[in-house]
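> Handing you this structure, nothing more for now.
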Amino acid sequence: MRDKKGGIQFSFAWIFAIIAGVVILGLAIYFVVQFSGSSKEQINVQNAMSIGVLTNPVESSFESAKRYTITTKAETRIETDCNSQETITSNFGKQIIRTAEKTYNQWSEEQMTDMEFQNKYIFAKDRVEGKIFYVFSKPFKMPFKIADLIYLTSARDLYCFVNPPDDIEDEIEDLIGDEETRSESQNFYLTNRKRECPQESTSICFKRTDSGCDIYVSDNYVQKSSGRMYYEGDALMYAAIFSDKEEYECQVKRLMNRAKKLFEIYQDKSEFVFKKTRCNSGTDIELMQMISLLGGYQSSQDLEIINVLAQDIQDKQDNQYRNTEECRLW
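One point on numbering: in the numbering used here, the residue at position 218 of the sequence shown is 214, and numbering is uninterrupted.
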């Protein structure tokens, strides 16, 4: 309705309707934004949980030295972290996995949520990105199996193994696969010289004669920019290659906590076996020494002496009860 001066007059009902409409529209936009944010968080939680679940088949129920592929629909960022602190609910610390998706050219990092696993030991770069990821595992033994170690890489991260020992070369060849099973997004390479490595690949050299390598692997340690990591056995060697020093040391600490608990169980079993069968394992002193060593574990430099004692215990058991299964502890 126009007034005498040509202006427009609004009734109270019209004004109320306009204000109410603006408020409703604002609330609608707010809830859409909030729902979008919560949806991203839900997706990230689901992805982190999925990564944890998808690594299950890679563990001991499947053959070692075979890689499996994890494929995501959207560009995905995976971060792994480690907490070695013992808690009321866990004596072995925690494996932490976080994921983020890239939508509209932005990462949903604000909605990243920690997913924690007490029984997983994943070794990877601090952050891996892409749509295709590879995982494989190896059992870590000292001397019996302590846990399965899982190695996670992105198809975008290229690794070049330069002149490795024969057993490692054979294993890498198995991981790469033959021409029929080889992935188009292959990220492992074998060469005899560092200069033959693909551009932008991480070079892993097993002989000091090759200069300018990103990673050097010695008989009992791996040297890289993040520091020197000591290892015993191939399972920990791969762990040191694919992770940084801080994460490696944390995960090995978790493994030693687990090993200590297992040795305590076998110590109790030794007493039980003796009462039942009169078989004396002859390793009581060594078992107590091992539990003490593991209880005082500080860093990967301690692995050598722990491994020597573990091998002594294994040899003693093998020699004493080679043909008497009921007397064996493991």
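Ideal placement from N, C-alpha and C gives every residue a C-beta, glycine not left out.
What are the boundary residues of the alpha helix (DSSP H) that includes Y262?
Numbered from its first residue, the sequence shown carries residue 262 at position 266. Here the alpha helix (DSSP H) through Y262 covers 241 to 273.
> Taking the runs of the beta strand (DSSP E) that are 3 residues or longer, which of them lie wholly in the region 174 to 213?
Runs found: 184 to 187, 198 to 201, 211 to 213.
> May I have the straight-line CA-CA distance separating M111 from Y155, to the nearest angstrom?
As a first step, residue 111 is located in the sequence shown; it is residue number 115 there, counting from the start. As a first step, residue 155 is located in the sequence shown; it is residue number 159 there, counting from the start. Each residue's CA atom was taken as its position, placing M111 and Y155 some 28 Å apart.
> When the Cα of S288 is compared with those of K271, S266, M252, G278, which residue comes out closest?
Walking along the sequence shown from the start, residue 288 turns up at place 292. Here the closest residue by C-alpha is M252.
> If we call anything under 8 Å between Cβ atoms a contact, is F157 one with G229?
The residue labelled residue 157 in the question sits at position 161 within the sequence shown. The residue labelled residue 229 in the question sits at position 233 within the sequence shown. For F157 and G229, no; Cβs fall outside 8 Å.
> Can you check which of these residues, M286, Y130, E321, Q294, is closest to T65 by C-alpha distance?
Here residue 65 refers to the residue found at position 69 of the sequence shown. With distances taken between Cα atoms, T65 lies closest to Y130.
> Can you say whether K134 is buried or exposed, counting buried as having 16 or more other CB atoms within 10 angstroms of its CB?
The count along the sequence shown starts at 1 and reaches residue 134 at position 138. Its Cβ being crowded by 16 or more others within 10 Å, K134 is buried.
> Per DSSP, what kind of secondary structure is L305 in: helix, strand or coil?
Counting from one through the sequence shown, the residue named residue 305 turns up at place 309. Here L305 sits in helix by DSSP.
> Only counting the same chain, and skipping five residues up and downstream in sequence, which positions put a Cβ closer than 6 Å to that of V28?
Your numbering for residue 28 matches position 32 in the sequence shown. Note that V28 scores 40 on pLDDT, short of 50, meaning its location in the model is unreliable; the coordinates nonetheless yield the value given after this. Closer than 6 Å at Cβ, skipping near neighbours: no residue.
> Could you round the C-beta distance between R73 and T95 to whole angstroms and report it? I think they count as a contact, below 8 Å.
Here the question's residue 73 lines up with position 77 in the sequence shown. Here the question's residue 95 lines up with position 99 in the sequence shown. A Cβ-Cβ distance of about 7 Å is found for the pair R73 and T95, placing them in contact under the 8 Å criterion.
> By Cβ distance, which residues of its chain are closer than 8 Å to V330, with the 5 residues on each side in sequence left out?
Look at the range of the chain in this structure, -3 to 326, and you will see that residue 330 is not part of it.
> Could you check which residue in Q313, R254, D308 has the C-alpha nearest to that of A143?
As a working note, residue 143 is residue 147 in the sequence shown. Checked all of Q313, R254, D308; the closest Cα to A143 is R254.
> CA-CA distance, Y147 and Y244?
On the sequence shown, residue 147 is found 151 positions in, with the first residue counted as 1. On the sequence shown, residue 244 is found 248 positions in, with the first residue counted as 1. When rounded, the distance between both Cα atoms is 12 Å.
> May I ask you to report which of helix, strand or coil DSSP gives Q294?
The residue you call residue 294 lines up with position 298 of the sequence shown. Here Q294 sits in coil by DSSP.
> If you drop the 5 nearest sequence neighbours on each side, which residues of the same chain put their C-beta closer than 8 Å to that of T187?
Stepping through the sequence shown from its first residue, residue 187 is reached at position 191. Closer than 8 Å at Cβ, skipping near neighbours: C156, F157, V158, N159, C193.
> Check whether the Cβ of F129 sits closer than 7 Å to any heavy atom of the ligand MN, and report yes or no.
In the structure shown, the ligand MN is absent, as is every other ligand, since no ligand is present at all.
> Look up F88 in the DSSP assignment and say whether it is helix, strand or coil.
By one-based count along the sequence shown, residue 88 stands at place 92. In the structure shown, F88 adopts coil according to DSSP, grouped into three states.
> Using only the alpha-carbon positions, how far apart do F88 and D77 sit?
The residue given as residue 88 occupies position 92 in the sequence shown. The residue given as residue 77 occupies position 81 in the sequence shown. Approximately 14 Å, taken between the alpha carbons.
> If we count the other Cβ atoms within 10 Å of its Cβ and call it buried at 16 or more, is F184 buried or exposed?
Counted from its first residue, the sequence shown places residue 184 at position 188. The residue in question, F184, is buried, as its Cβ has 16 or more Cβ neighbours within 10 Å.
> So what's Y130 in DSSP terms, helix, strand or just coil?
As a position in the sequence shown, residue 130 is number 134, starting the count at 1. It is a strand residue.
> Could you name the residues that DSSP lists as bridge partners for A143?
The count along the sequence shown starts at 1 and reaches residue 143 at position 147. Its beta-bridge partners are F136.
> Pick helix, strand or coil for Y234, following the three-state DSSP scheme.
Numbered from its first residue, the sequence shown carries residue 234 at position 238. Three-state DSSP puts Y234 in a helix.
> Checking the sheet assignment: what are the DSSP bridge partners for W326?
Along the sequence shown, one-based indexing puts residue 326 at 330. Looking at the DSSP assignment, W326 forms no beta bridge with any residue, so it has no partner.
> With a threshold of 8 Å, are at least 3 pairs of Cβ atoms found where one atom belongs to the region 112 to 128 and the other to the region 229 to 241?
yes
> Got a sec? Which residues, its chain only, sit under 8 Å from L71 by beta carbon, not counting five neighbours each side?
By one-based count along the sequence shown, residue 71 stands at place 75. One point to set straight first is that residue 71 is Glu, not Leu, in the sequence displayed. E97, K98, E125, G126, K127.
> Excluding five sequence neighbours on each side, which residues of the same chain lie with their C-beta closer than 6 Å to the C-beta of K220?
As a position in the sequence shown, residue 220 is number 224, starting the count at 1. The residues are I211.
> What whole-angstrom Cβ distance do L171 and F132 have, given they're in contact under 8 Å?
Locating residue 171 in the sequence shown gives position 175, where the first residue counts as 1. Locating residue 132 in the sequence shown gives position 136, where the first residue counts as 1. At roughly 6 Å, the Cβ-Cβ gap stays under 8 Å, so L171 and F132 are in contact.
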